[in-house]
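>
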Amino acid sequence: MEGIKGFGVTTSVFLILISTVVGFAKPNFPDLNGFIVWTSNRDGDWEIFRMNLDGTDRKQLTLNDSPDMTARISPDGRMIAWTREQRGREEVWVMNADGSNQRKVASNASMGIWLSKGEIVVFRGRNDVETYLHDLRSGSERRIWPPKGAGLRCRVQGATPSPNRRYFVGWSPSPRGIWIFSFDGRFQKHIHGGCEGRFAPDGSFVYWVMSPGTFGRASLKGEILGELYKVDRKMWYGHTYFPQLSSDMRYLVYGACPNNQHNHNTSDYEIFLMRMEGLKPAWSWPLRLTYHPKTDRWPDIFIHGGKRRLRKRVRSGLIALYAFTEGKGRIVRDISGVNPPVNLRIKNPKAIRWIEGDNGVEFVKSSMIISEGGAEKLLKKLRSSGKLSIEVWVQPANLRQTGPSRIVSMSKDPLNRNFTLGQIKSDIAYRLRTTRTNPNGIPELDTTRQVLDGGVVHLVATYDGRVKHLYVNGVRHSESQQMSGDFRKWDAFPLIIGNEATGDRTWLGKVFLVAIYDRPLNPDEVMRNYKAGWRIGR
1246 MEGIKGFGVT TSVFLILIST VVGFAKPNFP DLNGFIVWTS NRDGDWEIFR
1296 MNLDGTDRKQ LTLNDSPDMT ARISPDGRMI AWTREQRGRE EVWVMNADGS
1346 NQRKVASNAS MGIWLSKGEI VVFRGRNDVE TYLHDLRSGS ERRIWPPKGA
1396 GLRCRVQGAT PSPNRRYFVG WSPSPRGIWI FSFDGRFQKH IHGGCEGRFA
1446 PDGSFVYWVM SPGTFGRASL KGEILGELYK VDRKMWYGHT YFPQLSSDMR
1496 YLVYGACPNN QHNHNTSDYE IFLMRMEGLK PAWSWPLRLT YHPKTDRWPD
1546 IFIHGGKRRL RKRVRSGLIA LYAFTEGKGR IVRDISGVNP PVNLRIKNPK
1596 AIRWIEGDNG VEFVKSSMII SEGGAEKLLK KLRSSGKLSI EVWVQPANLR
1646 QTGPSRIVSM SKDPLNRNFT LGQIKSDIAY RLRTTRTNPN GIPELDTTRQ
1696 VLDGGVVHLV ATYDGRVKHL YVNGVRHSES QQMSGDFRKW DAFPLIIGNE
1746 ATGDRTWLGK VFLVAIYDRP LNPDEVMRNY KAGWRIGR
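Take 1246 as the starting number for the sequence shown in the numbering used here and just add one per residue.
1. Only counting the same chain, and skipping five residues up and downstream in sequence, which positions put a Cβ closer than 6 angstroms to that of Phe1294?
2. Rounded to whole angstroms, what is the Cα-Cα separation between Glu1292 and Thr1485?
3. Report all residues from its chain with a CB closer than 8 angstroms to the CB of Asn1767; omit the five preceding and five following residues, and keep chain order.
4. Roughly how many angstroms lie between the CA atoms of Val1266 and Ser1456, to the nearest whole one?
5. Pull up the DSSP beta-bridge partners for Leu1563, would you.
6. Can you name the residues that DSSP bridges to Phe1664?
7. Can you give me the Cβ contacts of Asn1273 inside the same chain, cut-off strictly under 7 angstroms, excluding the 5 residues immediately before and after it?
8. Given a cut-off of 9 angstroms on the beta-carbon distance, is the pair Ile1576 and Ala1568 in contact?
9. Just to confirm my understanding: we take Lys1481, look at its own chain, exclude 5 residues before and 5 after, and list those with CB closer than 8 angstroms. What are they?
10. Measuring straight from C-alpha to C-alpha, what distance separates Ser1311 and Gly1357?
11. Locate the beta strand (DSSP E) running through Ser1285, then write down its first and last residues.
12. Can at least three beta-carbon pairs, one atom from the stretch 1617 to 1629 and one from the stretch 1593 to 1609, be found at a separation below 8 angstroms?
13. From which residue to which residue does the beta strand (DSSP E) around Met1772 run?
14. What are the boundary residues of the alpha helix (DSSP H) that includes Glu1745?
15. Buried or exposed: where does Glu1515 fall if 16 or more other Cβ atoms within 10 Å of its Cβ makes it buried?
16. Starting from Lys1713, follow its DSSP beta bridges and name the residues at the other end.
17. Between the stretch 1711 to 1721 and the stretch 1769 to 1778, do at least 3 Cβ pairs fall closer than 8 angstroms?
18. Looking at the structure shown, is Lys1539 part of a helix, part of a strand, or coil, going by DSSP?
19. Quick check: the stretch 1638 to 1657 against the stretch 1741 to 1748, are there 3 or more CB pairs under 8 angstroms?
20. Under 7 angstroms Cβ to Cβ from Gly1461, same chain only, skipping five residues before and after it: list those, please.
21. Considering Glu1621, what are the terminal residues of the alpha helix (DSSP H) in which it resides?
22. Thinking just about the alpha-carbon of each residue, which of Pro1594, Val1498, Val1559, Arg1590 is nearest to the one in Asn1297?
23. Could you pull out every unbroken alpha helix (DSSP H) segment of at least 4 residues lying fully inside the stretch 1470 to 1497, listed in chain order?
24. Mark Pro1538 as exposed unless 16 or more other C-beta atoms lie within 10 angstroms of its C-beta, in which case mark it buried.
25. Quick one: complete beta strand (DSSP E) runs, 3+ long, within the stretch 1334 to 1360?
26. Using a Cβ-Cβ cut-off of 7 angstroms (strictly less than) and excluding sequence neighbours within five positions of Gly1363, which residues of its own chain qualify?
27. Asn1508: buried (16+ other C-beta within 10 angstroms of its C-beta) or exposed?
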């Protein structure tokens, strides 16, 4: 790690220092395989610096008389974009991650936030009131903010698109604070009076500086979900700012200055790191990465191999898996590897289309995807275990569907089932038949908190033999009262996606993945599958 003047203290000495003096939790250094970049004025001018997470190989990447700020790392870790100010005008520059091949890519623009490997977001106009997508390969730009004819209720600065390009988050001076918008601007919601709004790397939520020492988290509907991280106010460096999650959401890097300071240009900001597990702090204390009396700010983080690790989905207990990788035809194959496979057939191909360029199908009209020749494997294994998990990645076509509309079901008709996961407007319903319920799986478990917002959502329903749980985007939302009961009364019903077997409980939308387990996934496993995403084999 850095010494007190930025040089010379070895990693081992630093670890002894922080563990004995302030009680920091020791990180697992083999896991800290990545690097950070940040802005610092330690040489008298604002420059970009880089350092490995284990404290080695600190480099100054820029060196000139012009301020260099807000460095951002590309998704593959190979390039860095940043803002340079020359003669009172801002420019966006890019360079290789080692500091070589520095070049200007946009004049009269700022930020350079990566949206994909070859595409960055730049802000233009006074106070960054316009947002453009800049293609690094062609140099072309396209304005995406403000949306035409939206009738905005505020004047947003720095509107940043979500990774799936369905939402914007930005800051407004009046009404002051963080706002979230749909891409067309029709949905507008003031979240909080804080600042520094960002989307999670997977686009599933917004996080921001809620107050000194606290980073907040909100849904894409603007509902505050609580704290992403709150620093222990016993720490001298308790005034936090500049939060940035790693692409796999396992690490949070941020800047913090002493509690009695708050000036982004002169305060003694230092860079800190916190390990996150299930979007909760995993260390008792953060790891301090920089030591310098000048101002270290605007960090970003890259984890080597993070995305590769995330693709490892939970396999234990998996008995059926549909990833919709076929791309054409009428058959959806069970790729769980557990024999015999329960393959599904698209009943009306004109009502269901394969999603181009991705895993998945879209129900555009009433139809169903139903198991061929029953689902005996599921019946046998689930009866035997008396436990299960149902996992789906879906995107509803609208929030008016009710019934509940059947997303995935193992049932005979509207009144007889083994299980059903369905949509009731903005919420999810989970029906499960046991020896303690009626044949319809009533009483059902609902989310009752309007968890759907029209975007892609990850849902997991579990039963451990006593209690049902519902998870939304990796987070547990609902829990039933203890009900007990087993699956002895289950019948040989088909597995169906998008409808009831009778065709009168239509669900419309996109389905990207369906998985069935013969055991309950625990919260860590649910989060692991959520972070893995739905794209298998691409």
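Cβ coordinates follow ideal geometry from the N, Cα and C atoms, glycine included.
By the coordinates alone:
1. Residue 1294 sits at position 49 when you count from the first residue of the sequence shown. Same-chain partners within the cutoff: Trp1283, Ser1285, Gln1305.
2. Along the sequence shown, one-based indexing puts residue 1292 at 47. Along the sequence shown, one-based indexing puts residue 1485 at 240. Each residue's alpha carbon lies about 21 angstroms from the other.
3. For this step, residue 1767 is matched to residue 522 along the sequence shown. Here the set comprises nothing.
4. Counting from one through the sequence shown, the residue named residue 1266 turns up at place 21. Counting from one through the sequence shown, the residue named residue 1456 turns up at place 211. Below a pLDDT of 50, predicted positions are generally treated as unreliable, and Val1266, at 34, falls in that range; the measurement from the model is reported next regardless. So the alpha carbons of these two residues sit roughly 27 angstroms apart.
5. In the sequence shown, counting from the first residue as 1, residue 1563 sits at position 318. DSSP lists Tyr1762 as partners of Leu1563.
6. Counting from one through the sequence shown, the residue named residue 1664 turns up at place 419. In the DSSP output, where bridge partners are listed per residue, Phe1664 has Met1655, Leu1677.
7. To locate residue 1273, count along the sequence shown from 1; it is residue 28. Reliability fails at Asn1273, whose pLDDT of 42 lies under 50, so the model's placement of it is uncertain and the value that follows must be treated cautiously. For Asn1273, where only same-chain residues beyond five positions count, there are no Cβ hits under 7 angstroms.
8. Here residue 1576 corresponds to residue number 331 of the sequence shown, with the count starting at 1. Here residue 1568 corresponds to residue number 323 of the sequence shown, with the count starting at 1. No; because the gap between Cβ atoms is not below 9 angstroms, this pair is not in contact.
9. The count along the sequence shown starts at 1 and reaches residue 1481 at position 236. A small fix is needed here, since residue 1481 is Trp in this sequence, not Lys. Around Trp1481: Pro1503, Asn1504.
10. Taking the first residue of the sequence shown as 1, we reach residue 1311 at position 66. Taking the first residue of the sequence shown as 1, we reach residue 1357 at position 112. Cα to Cα, Ser1311 sits roughly 17 angstroms from Gly1357.
11. What you label residue 1285 is simply residue 40 of the sequence shown in a count that begins at 1. Taken as a continuous stretch (DSSP letters only), the beta strand (DSSP E) holding Ser1285 covers 1279 to 1285.
12. no
13. Position 527 of the sequence shown, counted from the start, is the residue given in the question as residue 1772. Taken as a continuous stretch (DSSP letters only), Met1772 belongs to no beta strand (DSSP E), being part of the alpha helix (DSSP H) at 1768 to 1777.
14. Along the sequence shown, read from residue 1 onward, the residue named residue 1745 stands at position 500. Premise fails: Glu1745 is in no alpha helix (DSSP H) and is neither H nor E.
15. By one-based count along the sequence shown, residue 1515 stands at place 270. Result: buried.
16. The sequence position of residue 1713 within the sequence shown is 468, counting from 1. Under DSSP, Lys1713 takes part in a beta bridge, and its partners are Tyr1708.
17. As far as the Cβ criterion goes, the stretch 1711 to 1721 touches the stretch 1769 to 1778, which means the pair count is three or higher.
18. Position 294 of the sequence shown holds residue 1539. Lys1539: coil per DSSP, three-state reduction.
19. The way I'd put it, the stretch 1638 to 1657 does touch the stretch 1741 to 1748; three or more beta-carbon pairs between them come closer than 8 angstroms.
20. For the purposes of this step, residue 1461 is taken as residue 216 along the sequence shown, with counting starting at 1. Once the five neighbours on either side are set aside, the close Cβ partners of Gly1461 are His1437, Gly1439, Tyr1452, Trp1453, Met1455, Ile1469, Glu1472, Leu1473.
21. Locating residue 1621 in the sequence shown gives position 376, counting from the first residue. From DSSP, the alpha helix (DSSP H) with Glu1621 extends over 1621 to 1630.
22. Along the sequence shown, read from residue 1 onward, the residue named residue 1297 stands at position 52. For the residues Pro1594, Val1498, Val1559, Arg1590, the minimum Cα distance to Asn1297 belongs to Val1498.
23. With a minimum length of 4 residues, no continuous alpha helix (DSSP H) run stays inside the stretch 1470 to 1497.
24. Sequence index remark: in the sequence shown, residue 1538 carries index 293 (1-based). Pro1538 should be labelled exposed.
25. 1334 to 1341, 1348 to 1352
26. Start at 1 with the first residue of the sequence shown, and residue 1363 comes out as number 118. If we look at Gly1363 and ignore the five residues flanking it on each side, its Cβ neighbours are Asp1380, Leu1381, Arg1382.
27. Locating residue 1508 in the sequence shown gives position 263, counting from the first residue. Its Cβ having fewer than 16 others within 10 Å, Asn1508 is exposed.
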